[in-house]
Amino acid sequence: MPARRPLHFAHGRPGPAPQTQNMRQRDAVKPLTAAAALLCCLAPAHAGDGISTDRPDFVESSQVVGKGRFQLETGLARERSGDAAGNRLRVDSTPTLLRLGVSETLELRIETDGHLRSRSEAPAASRVTRERGFADTSLGVKWHMQDGDEAAGRPAVAWLLHVDVDTGSAAFRGSGLRPSLRVVGEWELDGAMSVGAMGGIALDRDTDSGRFATGILAVTAGKSWTDRFRTFVELAGRQLAPSRHGGSVVSVDAGTAYLLSPTVQVDAVVSRGITHTSPDWEFGAGLSIRF
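Given below as structure tokens:
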């Protein structure tokens with residue numbers, strides 16, 4: 001997801017870092033429901049094609065949507081953080097990814113954390129701070145470099161190049177253009193199991209030290225229990241950086257996805273932060289439609 005300006009507790013502890021994944025936000029329910037209803041009407045036109053999504057896990061899929069296809073992946077997310085002093089931070093978002101296939105191996109992408117609402121409490125200072133607005137937008141491309149071969153142990157591989165653009169509201173806006181490059185490998189295993197790994201690098205910028213690089217490293221393991229239902233667990237290093245640049249954001253994630261039809265998927269995910277600069281908890285639910 002595109003990076004947004006970090007939020008902070010009133011006493012200065014870093015709040016959740018850039019990326020969020022999915023739960024209910026009342027102001028976003030009506031437009032999201034309307035969009036889902038419209039797209040569900042369009043989806044049956046391609047009911048013979050299976051959907052492959054980049055959500056709800058952090059590790060991207062190696063697959064692209066296919067030439068002439070369009071895919072919407074959206075959701076509702078909530079992050080919660082707190083400390084021993086009673087300071088609390090909550091961030092609600094509407095992460096959304098739009099994918100357009102330009103060939104059988106290449107797709108264009110537009111990604112954003114959407115509408116954001118944050119609420120920060122500092123009981124010691126009797127202070128409650130609220131912010132609302134929109135996140136930055138990320139423009140990108142995914143290239144499916146090779147198909148996997150289970151018999152030979154060869155993974156499916158894809159490369160993703162994104163550029164985050166400072167289009168968001170002042171409270172959540174990053175600084176300038178921030179490119180990132182990621183590579184994904186996926187292995188299909190016996191017993192309907194799969195393993196995916198993603199590594200990469202992102203260039204960010206702050207007002208004090210200018211440009212700096214952060215790392216990305218994550219691994220996920222999934223199992224398809226039926227043709228429609230799958231689960232996964234994941235260790236996600238969303239941002240690997242020294243404390244002067246926001247620290248490392250690392251979480252343990254678990255989630256599930258269910259196909260309502262070959263072109264419509266619903267999902268849910270929960271994440272537990274394992275570094276002090278990560279959100280304590282993240283919860284989410286999402287909807288993906290291909291047409």
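The numbering of the sequence shown is the UniProt record's numbering, which starts it at 1 and goes up by one. Even glycine gets a Cβ: it sits at the ideal position worked out from N, Cα and C.
Residue interval of the beta strand (DSSP E) (run including residue i)
i	result
H162	156-165
K223	210-224
L97	96-101
Q63	Neither: Q63 is in no beta strand (DSSP E) and is coded neither H nor E.
L282	Correcting the residue type first, residue 282 is Glu in the shown sequence and not Leu. Taken as a continuous stretch (DSSP letters only), the beta strand (DSSP E) holding E282 covers 281-290.
V141	137-146
C-beta contact flag for residue i and residue j at 8 Å
i	j	result
T137	T167	yes
R78	F283	yes
I51	T263	yes
D267	A285	yes
S288	R55	yes
S271	V252	yes
E111	L100	no
R154	E60	no
G200	S180	yes
V184	S278	no
DSSP three-state assignment for residue i, whether helix, strand or coil
i	result
L42	Unreliable placement is indicated for L42, whose pLDDT of 40 sits below 50; no coordinate value is reported for it.
H276	coil
G191	helix
A124	helix
R69	coil
R178	strand
R244	helix
V250	strand
I110	strand
G86	coil
V266	strand
S271	strand
I201	strand
E104	coil
F58	coil
L236	According to the sequence as given, residue 236 is Ala; it is not Leu. Strand, per DSSP.
E79	strand
Buried versus exposed, by CB contacts within 10 Å (16 or more), residue i
i	result
T226	exposed
D208	exposed
Q239	buried
R127	exposed
M198	buried
F291	buried
S81	buried
D149	exposed
A85	exposed
D83	exposed
R228	exposed
L276	According to the sequence displayed, residue 276 carries His and not Leu. So H276 ends up on the exposed side.
Q146	exposed
R4	Low local confidence applies: a pLDDT of 40 at R4 is under 50, so the model's placement there is unreliable, and no value is given.
R178	buried
S194	buried
K30	Any answer about K30 is weak, because its pLDDT of 43 lies below 50 and its placement is not dependable; what the coordinates show is given next. Answer is exposed; the Cβ neighbour count stays below 16.
Contact test: residue i Cβ vs the ligand GDP heavy atom, cutoff 7 Å
i	result
G255	Absent from the structure shown: the ligand GDP. Ligands present: none.
Interface flag, residue i vs chain C, CB-CB below 8 Å
i	result
S271	Within the model displayed, chain C is absent; a lone protein chain is all it includes.
Are there three or more Cβ pairs, one per stretch, closer than 8 Å when the region 159-168 is compared with the region 129-145?
yes
Touching by the beta-carbon criterion (3+ pairs, under 8 Å), the region 119-135 and the region 101-108:
no
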